[in-house]
Amino acid sequence: MITLENLTKSFQQNKGSVRALDGVSLEIQQAAVCGVVGPAGAGKTTLLRCLGLLDRSDGGSIRMEGAELSGLDGRDLRAARRRIGVVPQGDSLLRQRTVAGNVALPLESADLSASQRRARVAELLDLVGLTDKAPVYPDQLSEGQRRRAAVAQALATRPSVLLADEPTAELDPATTDAVLTVLDRARSELGVTILVATEDTAVVRRLADDVVVLDRGNVVEQGKVLDLVSEPGSRIGSALFPAADQGRSATQPGRGHDVVAEVVLTGFAAVGALLPEASSRFDVELSILGGGMTRLGDTPVAKFSIGLSGERSESALKWMIDHDAQVHRAPARVDGVVAA
Ligand SMILES: Nc1ncnc2c1ncn2[C@@H]1O[C@H](COP(=O)(O)OP(=O)(O)OP(=O)(O)O)[C@@H](O)[C@H]1O
Numbered sequence: 007m008i009t010l011e012n013l014t015k016s017f018q019q020n021k022g023s024v025r026a027l028d029g030v031s032l033e034i035q036q037a038a039v040c041g042v043v044g045p046a047g048a049g050k051t052t053l054l055r056c057l058g059l060l061d062r063s064d065g066g067s068i069r070m071e072g073a074e075l076s077g078l079d080g081r082d083l084r085a086a087r088r089r090i091g092v093v094p095q096g097d098s099l100l101r102q103r104t105v106a107g108n109v110a111l112p113l114e115s116a117d118l119s120a121s122q123r124r125a126r127v128a129e130l131l132d133l134v135g136l137t138d139k140a141p142v143y144p145d146q147l148s149e150g151q152r153r154r155a156a157v158a159q160a161l162a163t164r165p166s167v168l169l170a171d172e173p174t175a176e177l178d179p180a181t182t183d184a185v186l187t188v189l190d191r192a193r194s195e196l197g198v199t200i201l202v203a204t205e206d207t208a209v210v211r212r213l214a215d216d217v218v219v220l221d222r223g224n225v226v227e228q229g230k231v232l233d234l235v236s237e238p239g240s241r242i243g244s245a246l247f248p249a250a251d252q253g254r255s256a257t258q259p260g261r262g263h264d265v266v267a268e269v270v271l272t273g274f275a276a277v278g279a280l281l282p283e284a285s286s287r288f289d290v291e292l293s294i295l296g297g298g299m300t301r302l303g304d305t306p307v308a309k310f311s312i313g314l315s316g317e318r319s320e321s322a323l324k325w326m327i328d329h330d331a332q333v334h335r336a337p338a339r340v341d342g343v344v345a346a
């Protein structure tokens, strides 16, 4: 587990001091993927650089499996850095080295024989699907292949944590998918804990168990992605469901509906069957007023605004809640007007 407590970091700029991290506290479980999201300048890169022990924080604590890492120096710092792989933003491979040579780079100071080193590089190239590119130079690779090679390099020392800074920035969807597949494999096959800084909600949707939203150096939201999607007012929850948001006006009670609510359904069975079953079981008319479906990792999730009409509408809603639907009622209606 990684625990950050009250991490602070400021930079001096011409216009004065900028607080890039303003007391960031987080907990990330072993082998989880945590998306670090937020607008440009929010502090994502600074957070990853401090956690990767590439920059020193001004204050606060970084603990990994109980051991304090902030404030380390010399040999201890170098040893701690080997436990944390970093995929920096943009191009990080050396042009004059082959792909295999780049992946082997972090192993040069490791206590490994030449054959152990070759075996490690081969294993990592296999993991990222670049075995046939071992003798090739970075300029001969596509952008997506270069990013995957950078992931292999970051995993060379068998770190328990991998930090990836905007690994899919400016990639097309198919290439993004290939890079995310590699990160997912690193988590599932190597048990690596991953923090991925991104402005791309597709990365969170596809990969993240947890998410942290940063804004001007502050954590403004954090939690499990599956919990945040059903939390009213969650910024990341809304960002993951653009379709549901477009239907938001439809969550206001409309004429002819006895009950209007926003319902979040998780899992194949719920998404496929819960609404029609509630409707038939309680003999209520159920209209979908807005919303949409998405996939979070392998889990289908739907967020719908629904209107229910019929005497047993309240019972139908209660039954949905009893069957693990997350339900948020629209404000009560007063003479056809939404109450404040
Ligand atoms: N080396 C530095 N020197 C001065 N200011 C810096 C430095 N690094 C970051 N900052 C400032 O710290 C703040 C946070 O920057 P950071 O790069 O961590 O944000 P970010 O969320 O990663 O944004 P981006 O997506 O643009 O990289 C910004 O105001 C930035 O200008």
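So for the sequence shown, my numbering puts the first residue at 7; every next one is plus one. Glycine is no exception: its CB is placed at the ideal position from the N, C-alpha and C atoms.
Three or more C-beta pairs closer than 8 angstroms, one from the segment 83 to 103 and one from the segment 154 to 173: is that the case here?
Yes, they touch.
With a 10 Å radius around its C-beta and 16 neighbouring C-beta atoms as the bar for buried, classify T204 as buried or exposed.
Taking the sequence shown and counting its residues from 1, the one referred to as residue 204 is at position 198. T204 is buried by the Cβ-count criterion.
Contact between the segment 147 to 156 and the segment 94 to 104: three or more CB pairs below 8 angstroms?
The segment 147 to 156, when compared against the segment 94 to 104, does touch it at the 8 angstroms Cβ threshold.
Quick one: residues in its chain with C-beta nearer than 7 angstroms to the C-beta of Q151, no 5 flanking neighbours on either side, listed in chain order?
As a first step, residue 151 is located in the sequence shown; it is residue number 145 there, counting from the start. So the qualifying residues of the chain are L136, K139.
Would you mind sorting T257 into buried or exposed? The rule is 16 or more other CB atoms within 10 Å of its CB.
The count along the sequence shown starts at 1 and reaches residue 257 at position 251. Residue placement at T257 is flagged as unreliable, the pLDDT there being 43, under the threshold of 50; a coordinate-derived value is accordingly withheld.
Between which two residues does the alpha helix (DSSP H) containing T187 stretch?
As a working mapping, residue 187 is identified with position 181 in the sequence shown. Unbroken alpha helix (DSSP H) run through T187: 179 to 196.
Consult DSSP for S1 and reduce its assignment to one of helix, strand or coil.
Since the displayed the chain opens at 7 and closes at 346, residue 1 lies outside it and no answer follows.
Please state if the CB of V43 and the CB of I200 are separated by a distance shorter than 8 angstroms.
Looking up residue 200 in the sequence shown gives position 194. Looking up residue 43 in the sequence shown gives position 37. No, the Cβ-Cβ distance between I200 and V43 is not below 8 angstroms.
Look at the alpha carbon of V134 and the alpha carbon of L53, and state the distance between them as a whole number of angstroms.
What you label residue 134 is simply residue 128 of the sequence shown in a count that begins at 1. What you label residue 53 is simply residue 47 of the sequence shown in a count that begins at 1. Distance between the alpha carbons of V134 and L53 is about 26 angstroms.
Quick one: residues in its chain with C-beta nearer than 7 angstroms to the C-beta of T207, no 5 flanking neighbours on either side, listed in chain order?
For the purposes of this step, residue 207 is identified with residue 201 of the sequence shown, where counting begins at 1. Cβ within range, chain order: A245, L246.
Helix, strand or coil: which one does DSSP assign to S311?
The sequence position of residue 311 within the sequence shown is 305, counting from 1. If DSSP states are grouped into helix, strand and coil, S311 belongs with the strands.
Under the criterion of a Cβ to heavy atom distance below 7 angstroms, does K21 qualify as lining ligand 1?
Against the sequence shown, residue 21 aligns to sequence position 15. Answer for K21: no, Cβ out of range of ligand 1.
Since A279 contacts L323 with CB under 8 angstroms, what's their CB separation in whole angstroms?
By one-based count along the sequence shown, residue 279 stands at place 273. By one-based count along the sequence shown, residue 323 stands at place 317. With a Cβ gap of about 16 angstroms, A279 and L323 do not count as contacting.
Buried or exposed: S255, going by 16 or more other Cβ atoms within 10 Å of its Cβ?
Within the sequence shown, numbered from 1, the residue matching residue 255 stands at position 249. The pLDDT assigned to S255 is 44, lower than 50, so where the model puts this residue is not dependable, and the model offers no usable value.
Return the first residue and the last residue of the beta strand (DSSP E) that K230 is part of.
Here residue 230 refers to the residue found at position 224 when the sequence shown is read from its first residue. Start and end: 224 to 230.
So T163 packs on A128, CB below 8 angstroms; how close in whole Å?
Numbered from its first residue, the sequence shown carries residue 163 at position 157. Numbered from its first residue, the sequence shown carries residue 128 at position 122. Their Cβ separation, rounded to whole angstroms, is 16 angstroms, which puts T163 and A128 out of contact at 8 angstroms.
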